[in-house]
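Enquirer:
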Amino acid sequence: DVKVTQSSRYLVKRTGEKVFLECVQDMDHENMFWYRQDPGLGLRLIYFSYDVKMKEKGDIPEGYSVSREKKERFSLILESASTNQTSMYLCASGGGEKLFFGSGTQLSVL
Amino acid sequence: GDSVTQMEGPVTLSEEAFLTINCTYTATGYPSLFWYVQYPGEGLQLLLKATKADDKGSNKGFEATYRKETTSFHLEKGSVQVSDSAVYFCALSDLSGTYKYIFGTGTRLKVLA
Chain L
1 DVKVTQSSRY LVKRTGEKVF LECVQDMDHE NMFWYRQDPG LGLRLIYFSY
51 DVKMKEKGDI PEGYSVSREK KERFSLILES ASTNQTSMYL CASGGGEKLF
101 FGSGTQLSVL
Chain V
111 GDSVTQMEGP VTLSEEAFLT INCTYTATGY PSLFWYVQYP GEGLQLLLKA
161 TKADDKGSNK GFEATYRKET TSFHLEKGSV QVSDSAVYFC ALSDLSGTYK
211 YIFGTGTRLK VLA
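From first to last, the protein sequence lines are chains L and V.
For what it's worth, the numbering used here labels the leading residue of the first sequence as 1, then goes sequentially.
For what it's worth, the numbering used here labels the leading residue of the second sequence as 111, then goes sequentially.
1. In chain order, what residues of the same chain have a beta carbon less than 7 Å from the beta carbon of Val24(L), not counting five sequence neighbours either side?
2. Between Lys159(V) and chain L, is the shortest Cβ-Cβ distance under 8 Å, so that the two count as touching?
3. Whole angstroms is fine: what's the gap from Gly42(L)'s alpha carbon to Tyr146(V)'s?
4. Between which two residues does the beta strand (DSSP E) carrying Asp51(L) extend?
5. Alpha carbon to alpha carbon, how far is Lys18(L) from Gln106(L)? Give it in angstroms, no decimals.
6. Cα-Cα, which of Gly16(L), Lys98(L), Lys3(L) and Val12(L) is closest to Ser87(L)?
7. Is it the case that the Cβ atoms of Gln116(V) and Thr181(V) are separated by a distance below 8 Å?
8. Suppose contacts are defined by Cβ-Cβ distances below 8 Å. Is Pro141(V) in contact with Ser193(V) by that definition?
9. By the 9 Å beta-carbon criterion, what residues does the segment 186 to 205 of chain V contribute toward chain L?
10. Below 7 Å CB to CB, which residues in the same chain sit around Val2(L) once its five sequence neighbours on both sides are set aside?
11. Going by DSSP in three states, Thr83(L) sits in which element: helix, strand or coil?
12. From this set, Thr134(V), Ser113(V) and Phe144(V), which residue's C-alpha is nearest Asn103(V)'s C-alpha?
13. Could you compute how far the alpha carbon of Leu129(V) sits from the alpha carbon of Tyr198(V)?
14. Could one say the Cβ of Ser65(L) lies closer than 8 Å to chain V's Cβ atoms, at least one of them?
15. Ser142(V) touches chain L at which residues, Cβ-Cβ below 7 Å?
16. Residue range of the beta strand (DSSP E) that Met27(L) falls in?
17. In the DSSP assignment, what residue or residues form a beta bridge with Lys170(V)?
18. Ala137(V): which of Val114(V), Ala163(V), Lys187(V) and Leu222(V) sits nearest, CA to CA?
19. Could you tell me which chain L residues have their CB closer than 9 Å to the CB of Glu152(V), listed as they occur along the chain?
20. Which of the three DSSP states, helix, strand or coil, is assigned to Ser182(V)?
21. Given Met32(L), which residues of its chain have a CB within under 6 Å of its CB, disregarding the five upstream and five downstream residues?
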């Protein structure tokens with residue numbers, strides 16, 4: 001089975017902490033994406049990457065950064081976590097007409 | 111810019127009832143259209159897709175037809191089961207360059223036995 005694996009299912013952090021969310025895919029996809037999912041707002045694109053070391057801002061990049069040093073790994077970084085970043089974070093990778101999603105990380109910032 | 115609008119939920123149906131979840135889109139080009147499903151505790155997975163006007167996508171008894179004249183891609187199923195309870199997302203992508211996707215807000219379906 002193809003897989004997109006997110007490192008944590010649940011995460012609790014304090015305001016001001018630096019937070020790393022990790023995502024690994026085993027399908028050799030060039031494109032990887034980070035979304036956040038909030039009730040009533042659906043999925044909103046934070047950042048995406050179309051190649052190693054290449055990244056582009058999505059619709060809501062403020063307060064986030066990303067890193068893609070290897071093709072299979074795409075990391076989302078919250079430089080200084082805030083309570084309004086409490087959300088479900090979904091990683092995805094895609095090689096054409098289909099996106100494969102991880103199970104998500106529910107992040108709570110207290 | 112491009113956008114997707116889908117009906118708000120939750121939608122509650124009895125088993126074997128007919129399901130329709132409405133989805134309309136706005137796009138400057140000729141996007142591909144998708145329905146993704148999210149079961150409890152899981153990520154999204156592709157349910158069906160259509161890549162051009164008048165195409166019909168189908169899977170697991172679900173169907174949706176790409177209607178360019180009405181800019182719609184409504185999801186239908188003739189007889190729902192309890193196991194269909196999930197959140198359904200309509201999405202579009204222009205599939206050019208970076209394969210960016212735009213998702214609707216999701217519609218929660220609850221099917222009662």
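Where a beta carbon is used, it is the ideal one built from N, C-alpha and C, also for glycine.
Expert: Looking at the atomic coordinates:
1. So the qualifying residues of the chain are Thr5, Glu72 and Arg73.
2. Closer than 8 Å to some Cβ of chain L, the Cβ of Lys159(V) qualifies, so yes.
3. Cα to Cα, Gly42(L) sits roughly 12 Å from Tyr146(V).
4. For Asp51(L), the enclosing beta strand (DSSP E) starts and ends at Gly42 to Asp51.
5. Each residue's alpha carbon lies about 16 Å from the other.
6. Taking only the C-alpha atoms, the option nearest Ser87(L) is Val12(L).
7. It is not a contact, given that the beta carbons lie outside the stated cut-off.
8. Cβ atoms of Pro141(V) and Ser193(V): not closer than 8 Å.
9. Within the segment 186 to 205 of chain V, contact with chain L at the beta-carbon level (separation under 9 Å) is assigned to Phe199, Ala201, Ser203 and Leu205.
10. Within the same chain, Val2(L) has close Cβ partners Asp26, Met27 and Phe100.
11. Note: Thr83(L) maps to helix in three-state DSSP.
12. Outside the displayed range of chain V (111 to 223) lies residue 103(V), so it cannot be described from this structure.
13. If you draw a straight line from the Cα of Leu129(V) to the Cα of Tyr198(V), it is about 12 Å long.
14. No, Ser65(L) does not count as interfacial toward chain V.
15. What Ser142(V) touches in chain L: Glu97.
16. In the DSSP annotation of this structure, Met27(L) is not part of any beta strand (DSSP E), being labelled neither H nor E.
17. Under DSSP, Lys170(V) shares a beta bridge with no residue.
18. Minimum Cα distance to Ala137(V) is reached at Val114(V).
19. Contacts between Glu152(V) and chain L, judged by CB atoms closer than 9 Å, involve Phe101, Ser103 and Gly104 in chain order.
20. Three-state DSSP puts Ser182(V) in a strand.
21. Only Ser49, Phe74 and Ser93 meet the Cβ criterion.
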